[in-house]
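J.: Chains A and B, in that order, give the protein sequences.
Taking this note's numbering, the leading residue of the first sequence gets 55, the next gets one more, and so forth.
Taking this note's numbering, the leading residue of the second sequence gets 31, the next gets one more, and so forth.
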Amino acid sequence: MSNRFVEAGLTAPVNVTWEVTLACNLRCRHCLSAAGGPAPRELTTREALGLVDELHRMGVFQVNFGGGEPFLRPDFEEVLAACHGRGIVTCISTNGTLLDPARVDRLARSGMVAVQVSLDGARRETCDAIRGEGTYDRALEALGLLAQSPIPTSINAVLTSANAGEIPELHDLATSLGVSLRVSRFRPAGRGAAAWDELRPHASQLLEFSAWLAARGDVRTGDSFFSLTPQERMGLGLNLCGAAKLTCCIGPEGDVYPCAFLQMPEFRAGSVREEPFAGIWAGSGVFRALRGLRIRSCESCHRFDRCHGGCPAVAYHMGRDLGRGDPECLERCVAAVTGADGALEELGP
Amino acid sequence: MRQEAFGLLFYDMRGPRLLFARTGDLLDAGVIARGLPVEQALRARDPASRAAAGGLIRRLVDKGFLREQPVC
């Protein structure tokens with residue numbers, strides 16, 4: 055029911071994904087940003103703090119920080135403090151390697167931050183094969199520190215063909231650590247494009263995961279799997295793509311995109327260096343096109359009301375067409391396997 | 031919480047979860063942000079809209095999006 059309010063257009067994003075740096079001390083094979091060295095002209099501290107001010111003025115509720123590894127940015131904690139001081143809730147996606155007790159203590163004091171630590175397997179060899187030697191142990195160390203703090207913490211795992219069989223085990227691991235589990239979708243963006251054929255989950259793995267999710271209301275998926283979401287989880291969130299409607303992505307150099315998976319020149323909506331973010335949100339042609347996108351090929355599907363065509367980013371990466379429907383939706387997974395291939399509420403007066 | 035065309039959009043960081051409150055022009059974000067006493071905030075309203083707005087406020091309190099507190 056709330057979809058119609060979202061589709062009618064909001065005055066500001068509910069949350070913004072902000073990739074504050076492209077610098078990363080890891081080289082994960084599936085990295086959507088192809089992170090490594092810093093981008094040539096990353097936002098200065100002054101520009102970053104100015105952007106926080108503008109997000110606050112617009113009424114943005116939450117900023118999800120990612121990268122790269124956000125803690126590699128020397129002023130990152132200053133940017134965080136600016137958000138918290140203005141009442142903006144933050145979530146940090148980190149590889150955990152730069153967390154230490156003092157830093158965790160500083161983060162905990164704000165009371166307004168959540169942390170996701172990336173871990174791509176329940177077993178050391180699975181995770182390290184994707185994220186690099188030693189990453190499993192370092193992530194567990196970070197999770198241990200965070201679990202002792204009041205910071206809401208989750209393991210963030212990207213579902214791949216390599217770890218699909220370990221997701222229940224990963225859930226057990228999260229439970230034993232006292233943190234939650236969040237599973238994200240692998241998309242063929244950044245370095246993920248090169249690893250796509252090898253790491254893309256098979257249709258049968260996606261179906262198995264979908265069935266497993268049905269019984270796991272405590273596992274978060276963001277909106278990653280809404281095209282695969284079983285009936286039992288439909289009440290947990292919006293069932294349409296939020297890009298340019300509820301959220302958008304700001305890159306390290308201030309470029310604005312509909313989502314983190316569409317950071318390509320053809321989807322650049324503007325730059326906060328060139329114009330106010332509010333103007334980009336309200337007036338960008340790219341955003342207007344996303345808001346008006348109709349996935350006609352899916353409209354006759356009996357599940358259309360549940361997923362509205364799924365993730366346009368995956369459709370684009372796989373077929374250079376935002377409107378062709380999610381190639382990995384539940385219906386297509388079922389068709390592939392059987393061989394027939396061919397948390398919101400509304401309140402009124 | 032902020033004003034949108036349909037009414038008020040609440041963000042609850044405990045979920046996080048969103049509440050789309052179709053309040054129309056019965057309540058505005060400024061009134062809630064200032065934390066005015068309900069009677070004062072709704073004083074200028076006619077009895078019918080005052081009752082409707084009062085009902086909405088009560089439901090927002092029940093859902094935990096607003097907190098009732100003594101004014102002195």
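Note that CB positions come from ideal geometry on N, CA and C, so glycine has one too.
Does any C-beta atom of chain B lie closer than 7 Å to the C-beta of Val-143(A)?
T.: Position 89 of the first sequence, counted from the first residue, corresponds to residue 143(A). Yes, contact with chain B.
J.: Residues of chain A with a CB under 9 Å from the CB of Glu-69(B): which are they?
T.: Position 39 of the second sequence, counting from 1, holds the residue named residue 69(B). Those within 9 Å of Glu-69(B) in chain A number zero; the least Cβ separation is about 19 Å.
J.: Determine the burial state of Thr-144(A): buried for a count of at least 16 other Cβ atoms within 10 Å of its Cβ, exposed for fewer.
T.: Position 90 of the first sequence, counting from 1, holds the residue named residue 144(A). Counting Cβ neighbours within 10 Å, Thr-144(A) comes out buried, since at least 16 surround it.
J.: Going along chain A, which residues have a C-beta under 7 Å from Glu-98(B)?
T.: Position 68 of the second sequence, counted from the start, is the residue given in the question as residue 98(B). Here the premise fails: no neighbours, minimum Cβ distance about 17 Å.
J.: What does the Cβ neighbour count give for Ser-354(A), buried or exposed, with the cut at 16 atoms within 10 Å?
T.: The residue given as residue 354(A) occupies position 300 in the first sequence. Under this definition Ser-354(A) is an exposed residue.
J.: How should Gly-37(B) be labelled, buried or exposed, when 16 other C-beta atoms within 10 angstroms of its C-beta is the threshold for buried?
T.: Taking the second sequence and counting its residues from 1, one reaches residue 37(B) at position 7. Gly-37(B) is buried by the Cβ-count criterion.
J.: For Ala-211(A), list the residues DSSP reports as bridge partners.
T.: The sequence position of residue 211(A) within the first sequence is 157, counting from 1. BP columns for Ala-211(A) point to Val-237(A).
J.: So, at 6 Å on beta carbons, what are the nonlocal neighbours of Gly-193(A) in its own chain, with the 5 sequence-adjacent residues on each side left out?
T.: Counting from one through the first sequence, the residue named residue 193(A) turns up at place 139. Before going further, note that residue 193(A) is Ala rather than Gly in the sequence given. Hits under 6 Å: Gly-150, Val-171 and Leu-173.
J.: Counting only Cβ pairs nearer than 7 Å, list the residues of chain A close to Ala-35(B).
T.: Numbered from 1 along the second sequence, position 5 holds the residue referred to as residue 35(B). Near Ala-35(B) (Cβ distances below 7 Å), the residues of chain A are Ala-62.
J.: Assuming contact is defined by CB atoms lying nearer than 7 Å, are Ala-93(A) and Gly-244(A) in contact in what I supplied?
T.: Within the first sequence, numbered from 1, the residue matching residue 93(A) stands at position 39. Within the first sequence, numbered from 1, the residue matching residue 244(A) stands at position 190. No.
J.: Should Glu-399(A) be flagged as near chain B, meaning a C-beta pair shorter than 7 Å?
T.: As a working mapping, residue 399(A) is identified with position 345 in the first sequence. For Glu-399(A), the pLDDT reaches just 45, beneath the cut-off of 50, and the residue's location in the model is therefore unreliable, leaving the point undetermined.
J.: Are the region 371-386 of chain A and the region 343-354 of chain A touching, with three or more C-beta to C-beta distances below 8 Å?
T.: Cβ pair count under 8 Å is three or more, so yes.
J.: Chain B partners of Phe-115(A), CB-CB under 7 Å?
T.: Along the first sequence, one-based indexing puts residue 115(A) at 61. Result: Tyr-41.
J.: Gly-84(B) to Ala-228(A), Cα distance in whole Å?
T.: Residue 84(B) sits at position 54 when you count from the first residue of the second sequence. Residue 228(A) sits at position 174 when you count from the first residue of the first sequence. Roughly 44 Å between the two C-alpha positions.
J.: Following the continuous beta strand (DSSP E) through Gln-170(A), name the residue where it begins and the one where it ends.
T.: To locate residue 170(A), count along the first sequence from 1; it is residue 116. Gln-170(A) -> beta strand (DSSP E) spans 167-172.
J.: Alpha carbon to alpha carbon, how far is Ala-201(A) from Val-133(A)? Give it in angstroms, no decimals.
T.: Position 79 of the first sequence, counted from the start, is the residue given in the question as residue 133(A). Position 147 of the first sequence, counted from the start, is the residue given in the question as residue 201(A). Roughly 24 Å separates the two Cα atoms.
J.: If you reduce the DSSP assignment to three classes, tell me which class Ile-184(A) lands in.
T.: Your numbering for residue 184(A) matches position 130 in the first sequence. In this structure, Ile-184(A) counts as helix in the three-state DSSP scheme.
J.: Give a yes or no on whether 7 Å exceeds the smallest Cβ distance from Arg-44(B) to chain A.
T.: Position 14 of the second sequence holds residue 44(B). No, Arg-44(B) lies away from the interface with chain A (no Cβ there is under 7 Å from its Cβ).
J.: Does the region 62-78 of chain A come within contact of the region 118-125 of chain A, defined as at least 3 CB pairs closer than 8 Å?
T.: Yes: the two stretches touch, three or more of their Cβ pairs being nearer than 8 Å.
J.: Among the candidates Gly-141(A), Gly-188(A), Val-114(A) and Gly-219(A), whose CA atom is the shortest distance from the CA of Pro-6(A)?
T.: In the structure displayed, chain A extends from 55 to 403; residue 6(A) sits before or after that span and is not available.
J.: With 16 as the cutoff for other CB atoms within 10 Å, does Arg-160(A) come out buried or exposed?
T.: Stepping through the first sequence from its first residue, residue 160(A) is reached at position 106. Arg-160(A) comes out exposed.
J.: Just the C-alpha distance for Leu-282(A) and Gly-175(A), rounded to the nearest angstrom, thanks.
T.: On the first sequence, position 228 is the one that residue 282(A) refers to. On the first sequence, position 121 is the one that residue 175(A) refers to. Cα to Cα, the separation comes out at about 21 Å.
J.: Note down, in chain order, each residue of its chain lying with its Cβ closer than 6 Å to the Cβ of Phe-331(A), except the 5 sequence neighbours on either side.
T.: Within the first sequence, the letter at position 277 stands for residue 331(A). Same-chain partners within the cutoff: Glu-108.
J.: Report the option in Leu-86(A), Val-70(A), Pro-128(A) and Asn-69(A) whose CA atom is closest to the CA atom of Thr-98(A).
T.: Walking along the first sequence from the start, residue 98(A) turns up at place 44. It is Pro-128(A) whose Cα lies nearest to the Cα of Thr-98(A).
J.: State yes or no: is the beta carbon of Arg-88(B) nearer than 7 Å to at least one beta carbon in chain A?
T.: In the second sequence, counting from the first residue as 1, residue 88(B) sits at position 58. Chain A, which has no Cβ nearer than 7 Å to the Cβ of Arg-88(B), makes this no.
J.: List the residues that DSSP assigns as beta-bridge partners of Leu-39(B).
T.: Taking the first residue of the second sequence as position 1, residue 39(B) is located at position 9. The partner list for Leu-39(B) (beta bridge, DSSP) reads Arg-32(B) and Phe-50(B).
J.: Determine, using beta-carbon pairs with one atom in the region 382-394 of chain A and one in the region 358-372 of chain A, whether at least three such pairs fall under 8 Å.
T.: The region 382-394 of chain A is in contact with the region 358-372 of chain A.
J.: Between Arg-32(B) and chain A, is the shortest Cβ-Cβ distance under 7 Å, so that the two count as touching?
T.: Your numbering for residue 32(B) matches position 2 in the second sequence. Yes, contact with chain A.
J.: Just to confirm before moving on: does the CB-CB distance between Leu-153(A) and Ala-196(A) stay below 7 Å?
T.: Against the first sequence, residue 153(A) aligns to sequence position 99. Against the first sequence, residue 196(A) aligns to sequence position 142. Contact: yes.
J.: Measuring alpha carbon to alpha carbon, tell me which residue in Cys-181(A), Tyr-190(A) and Gly-271(A) is nearest Thr-214(A).
T.: Stepping through the first sequence from its first residue, residue 214(A) is reached at position 160. Among Cys-181(A), Tyr-190(A) and Gly-271(A), the Cα nearest to that of Thr-214(A) belongs to Cys-181(A).
J.: Any idea what DSSP makes of Thr-148(A), helix, strand or coil?
T.: Translated into positions along the first sequence, residue 148(A) becomes position 94. In the structure shown, Thr-148(A) sits in a strand (DSSP, three-state: E or B).
J.: Against chain B, with Cβ distances strictly below 7 Å, would Phe-331(A) count as a contact?
T.: Within the first sequence, the letter at position 277 stands for residue 331(A). Chain B contact via Cβ: absent.
J.: Could you have a look at Ser-325(A) and say whether DSSP puts it in helix, strand or coil?
T.: One-based indexing of the first sequence puts residue 325(A) at position 271. Strand, per DSSP.
J.: Output the distance between the C-alpha atoms of Arg-95(A) and Leu-105(A), rounded to the nearest integer angstrom.
T.: Taking the first residue of the first sequence as 1, we reach residue 95(A) at position 41. Taking the first residue of the first sequence as 1, we reach residue 105(A) at position 51. In a straight line, the C-alpha of Arg-95(A) is about 16 Å away from that of Leu-105(A).
J.: Determine whether the beta carbon atoms of Asn-217(A) and Arg-236(A) lie at a separation below 7 Å.
T.: On the first sequence, residue 217(A) is found 163 positions in, with the first residue counted as 1. On the first sequence, residue 236(A) is found 182 positions in, with the first residue counted as 1. Not in contact: Asn-217(A) and Arg-236(A) (Cβ atoms no closer than 7 Å).
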